[in-house]
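S.K.: Structure below; questions to follow.
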């Protein structure tokens, strides 16, 4: 079977992360006759290589020879990548991630005569000022740029408009295509999961169970979430928080819980084999981040029927409707997060919001809709 489009995705690395997971889901959701995908990477971790290959993508190490952005932007590297694009005859080059990589893709795409689509996965302020200037200067080399949320698009372009599946062509240089997930498949995984072993292993009591999933880094703000739990436990001594993920701050989060006397109430799990088990265990999901693009784990929580406690971070308010599918806190501070947690101690409120969130995920944030939108964009730029 010959695919209608040959698409090369360019990423920095194949580490386990939200960007890579979203790209993998797009590959999985695209019919074989619509696109043949190549995923090229230029360094770093390769943990998800086998996942992409299992999904039918060809994975290529572009062998820049260095993780240094300066080395990756050398004339020799640019010439080699441009030659690869030209020889393979790709219809579209689609770049994701760092703004340095946008520069590489835009220059190489122009040299190879391949139209470039870029996806911004986070707000402009999250990048170095120097690379933001370079991105802006080279933006005309993109056929079109896509943002994963309207907040992200506004941060780069000053305005935002969602790409509509029914529209003809492209009449602006940037659009928003929301991240998505396979809502029904993920919901089924959670429904089939067995929560009882986790209840027993972590000695979870009868109080509300909260879940956070993500890298243990400053921007994810789990430290303030642990401090918020310390305030909640004063009123709900059996409340429990699972912080599932990985990253450099894992031990610090455990120490923070111990210093506040809530080590038994907070489980910083590290990497886990099945995140669906933890969604099955939870009563509510918490996303305390100071910034996001549009969090994939947030969409997973909605698909699982969990109400969400979110902060006024970019992208979050586009997914979470305050008072209907969850709670948007006043700030990322512990006191405001604690108030959000308290609002999730009411069973009837949680169930109502969780149901609303699931319905919203089905209508707005499916990976099938995301993949179809990108295919229409690819058609428009050729």
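Residue numbers (this note's numbering): 3 to 384.
Built from N, CA and C at the ideal position, the CB exists for glycine as well.
Note that the coordinates shown come from a computational prediction; the quantities given were computed from them, not determined experimentally.
#1: Report yes if the C-beta distance between residue 206 and residue 231 is below 7 Å; otherwise report no.
#2: What is the rounded straight-line gap between the Cα of residue 313 and the Cα of residue 329?
#3: Would you kindly work out how many angstroms separate the C-alpha atoms of residue 165 and residue 369, rounded to a whole number?
#4: Assign residue 196 to buried or exposed, taking buried as 16 or more other Cβ atoms, counted over all protein chains shown, within 10 Å of its Cβ.
#5: Under the rule that 16 or more other beta-carbon atoms within 10 Å means buried, what is residue 130, buried or exposed?
#6: Thinking C-alpha only, which one of 221, 137, 273, 290 is nearest residue 212?
#7: On a CA-only basis, which of 80, 50, 317, 334 is nearest residue 155? Give me that one, please.
#8: Leaving aside the five residues before and after residue 385 along the sequence, list all residues of the same chain whose C-beta is less than 7 Å from its C-beta, in chain order.
#9: Would you grab the beta carbon distance between residue 37 and residue 57 for me? Rounded to a whole angstrom, and I think it's under 8 Å.
#10: How far does the beta strand (DSSP E) with residue 176 in it extend, from its first residue to its last?
#11: Quick one: any contact between the segment 174-186 and the segment 353-373, if contact means 3 or more CB pairs under 8 Å?
#12: From residue 335 to residue 218, what distance separates their C-alpha atoms?
#13: Below 7 Å between beta carbons: does that hold for residue 118 and residue 134?
#14: Considering only C-alpha positions, which residue in the set 277, 297, 281, 286 is nearest to residue 348?
#15: What's the gap between the Cα of residue 215 and the Cα of residue 62?
#16: Exposed or buried, which one is residue 379 when buried takes at least 16 other CB atoms within 10 Å?
#17: Do the segment 292-312 and the segment 99-107 meet, that is, are 3 or more Cβ pairs less than 8 Å apart?
#18: Starting from residue 102 and walking both ways along the alpha helix (DSSP H), at which residues does that stretch end?
M.R.: To lay it out plainly:
#1: Position 204 of the chain shown holds residue 206. Position 229 of the chain shown holds residue 231. Going by C-beta atoms, residue 206 is not nearer than 7 Å to residue 231.
#2: Against the chain shown, residue 313 aligns to sequence position 311. Against the chain shown, residue 329 aligns to sequence position 327. Distance between the alpha carbons of residue 313 and residue 329: 8 Å.
#3: Here the question's residue 165 lines up with position 163 in the chain shown. Here the question's residue 369 lines up with position 367 in the chain shown. Going from the Cα of residue 165 to the Cα of residue 369 covers about 15 Å.
#4: Within the chain shown, numbered from 1, the residue matching residue 196 stands at position 194. When all chains shown are included, residue 196 counts as exposed.
#5: Position 128 of the chain shown, counted from the first residue, corresponds to residue 130. Counting Cβ neighbours within 10 Å, residue 130 comes out exposed, since fewer than 16 surround it.
#6: The count along the chain shown starts at 1 and reaches residue 212 at position 210. If we check each option's Cα against that of residue 212, 290 comes out closest.
#7: Counting from one through the chain shown, the residue named residue 155 turns up at place 153. It is 317 whose Cα lies nearest to the Cα of residue 155.
#8: What is shown of the chain runs 3 to 384, which leaves residue 385 out entirely.
#9: Indexing the chain shown from 1 puts residue 37 at position 35. Indexing the chain shown from 1 puts residue 57 at position 55. About 12 Å; that fails the 8 Å criterion.
#10: In the chain shown, residue 176 corresponds to position 174, counting from 1. Segment 176-178, the beta strand (DSSP E) holding residue 176.
#11: yes
#12: Stepping through the chain shown from its first residue, residue 335 is reached at position 333. Stepping through the chain shown from its first residue, residue 218 is reached at position 216. C-alpha separation (whole angstroms): 17 Å.
#13: Within the chain shown, numbered from 1, the residue matching residue 118 stands at position 116. Within the chain shown, numbered from 1, the residue matching residue 134 stands at position 132. The answer is no: Cβ separation not under 7 Å.
#14: Locating residue 348 in the chain shown gives position 346, counting from the first residue. Answer by Cα proximity: 286.
#15: Here residue 215 is taken as the residue at index 213 of the chain shown, counted from 1. Here residue 62 is taken as the residue at index 60 of the chain shown, counted from 1. One C-alpha to the other measures close to 29 Å.
#16: If you number the chain shown from 1, residue 379 lands on position 377. Buried, by the Cβ-count rule.
#17: no
#18: For the purposes of this step, residue 102 is taken as residue 100 along the chain shown, with counting starting at 1. Segment 101-114, the alpha helix (DSSP H) holding residue 102.
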